[in-house]
Amino acid sequence: MSERKITYQNATGTIEFTLKSDLMFHYVMQKSKAALIGLVCALKGIHPSQVRDIIVMNPIDLNSTSKETVMDLKLILNSKEILNIELQVYTDKYWINRSVLYLCRAYDSIGEGEDYSKLKPTTHFCITDQELFPDDDEFYSSYLLLNTKNHRPYTKNFGINVLQLNHIENATKENFDNNLVYWARLFEADTWEVFRKLAKDNPAIEEVGNLILELNTDNQAKELLEGQRRYREMLASQYTAGYTDAEDKYAAQLAEKDAALADKNATIAKNVSDLANKDSTIAQKDALLQKYIDKFGPI
1 MSERKITYQN
11 ATGTIEFTLK
21 SDLMFHYVMQ
31 KSKAALIGLV
41 CALKGIHPSQ
51 VRDIIVMNPI
61 DLNSTSKETV
71 MDLKLILNSK
81 EILNIELQVY
91 TDKYWINRSV
101 LYLCRAYDSI
111 GEGEDYSKLK
121 PTTHFCITDQ
131 ELFPDDDEFY
141 SSYLLLNTKN
151 HRPYTKNFGI
161 NVLQLNHIEN
171 ATKENFDNNL
181 VYWARLFEAD
191 TWEVFRKLAK
201 DNPAIEEVGN
211 LILELNTDNQ
221 AKELLEGQRR
231 YREMLASQYT
241 AGYTDAEDKY
251 AAQLAEKDAA
261 LADKNATIAK
271 NVSDLANKDS
281 TIAQKDALLQ
291 KYIDKFGPI
């Protein structure tokens, strides 16, 4: 009896490594041009017919990729625009600083002595499931250099867009129309059953499904993906441990300071009370003196 070939169509259960793995994401996007164009069009809000050409500037080789490799995806669109797409699904205290640095590096696309007119418009796209801004629950946001008074852009050729997967409930009609919600659901799909429903009748995403399955069933690729995941988890744990250690280290000192501050506040409160009592006593004496003057005349 011949074995049935497993494809994403007959795979079942949990997807161990999804599109939210930056290594998986990078590999799939460089392998499937149709999917890459679909994602770029969703992020930029353009029609596929506007994409004449798209080039991956930093393709990866799984045979030489290490767990520490930075996996942002750098693209050139229509030979005139630079796009940087980054997955941020691990806690990073310095994400904002890092994203600005990535944007600046990508924008600096000319050599020494070259004409500045050759600089290409550049956008850094961050796809994340983290609370990057605790007071901002916008699903998709765009940031530019702006005049702080009249909000006039200094330039529209340099910006950062953020897609927050954890706020899909706040998606606008425009987000739906541009397929951003569809792509957010693809990133969040963690079972083959859910992914299959999303991929139905979409050849580009069917190709993505088989590419995801390919890496999830290849022992060497899985080892690399697992190594990268453990490395990222280790960094996140070190960050949390460092924060906790600092809390423990300074907890006693903070408690002493709080106690001292409480004593000072109590002393101040007592002094205020004593002063109030003195003022009250003086007021009573003044009242008695005034009664005496009213009755017997000035002393």
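The sequence shown begins at 1 in this note's numbering and counts up by one. Glycine included, C-beta positions come from ideal geometry on N, C-alpha and C.
Buried or exposed (CB count within 10 angstroms, at least 16 for buried), residue i
i: LYS285; result: exposed
i: MET234; result: exposed
i: ILE333; result: The question about residue 333 has no answer here: the residues shown for the chain are numbered 1 through 299.
i: GLY297; result: exposed
i: ASN161; result: buried
i: GLN88; result: buried
i: MET24; result: buried
i: THR281; result: exposed
i: GLU68; result: In this prediction, GLU68 scores a pLDDT of 49, lower than 50, which makes its location untrustworthy; the coordinate-derived value is nonetheless stated afterwards. With fewer than 16 other Cβ atoms within 10 Å, it is exposed.
i: MET29; result: buried
i: VAL272; result: exposed
i: ALA184; result: buried
beta-carbon residue i near the ligand MG non-hydrogen atom, thresh 8 Å
i: HIS167; result: The model on display carries no ligand, and the ligand MG is accordingly not part of it.
Which residues DSSP lists as bridging residue i, in chain order
i: CYS126; result: GLU86, VAL162
i: TYR143; result: ILE160
i: LEU75; result: VAL56, LEU83
i: THR172; result: Answer is none; THR172 lacks a bridge partner.
i: PRO153; result: LEU146
i: THR14; result: THR191
Distance between beta carbons of residue j and residue i, contact taken as under 8 Å
i: CYS126; j: SER99; result: 6 Å
i: ALA204; j: SER49; result: Not really, about 15 Å apart at Cβ, beyond 8 Å.
i: ARG52; j: ASN78; result: 5 Å
i: LEU19; j: ILE212; result: 7 Å
i: TYR102; j: HIS124; result: 6 Å
Taking one C-beta from the region 46 to 62 and one from the region 195 to 214 each time, how about it: are there three or more such pairs within less than 8 Å?
-> Counting Cβ pairs under 8 Å, fewer than three are found: no touch.
Ordered list of beta strand (DSSP E) runs contained in the region 255 to 296, each at least 3 residues = Fully enclosed beta strand (DSSP E) runs of 3 or longer: not present.
Return the chain-ordered ranges of every alpha helix (DSSP H) run that is complete within the region 184 to 208 and spans a minimum of 4 residues.
-> Those alpha helix (DSSP H) runs which fall completely within the region 184 to 208 and span 4+ residues are 192 to 199.
Touching or not, the region 113 to 122 and the region 32 to 49, by the rule of three or more beta carbon pairs under 8 Å?
-> No, because fewer than three Cβ pairs between the region 113 to 122 and the region 32 to 49 fall closer than 8 Å, the two stretches do not touch.
Tell me, please, whether the region 172 to 188 touches the region 143 to 162 by the rule of three or more beta-carbon pairs shorter than 8 Å.
-> As far as the Cβ criterion goes, the region 172 to 188 does not touch the region 143 to 162, which means the pair count is below three.
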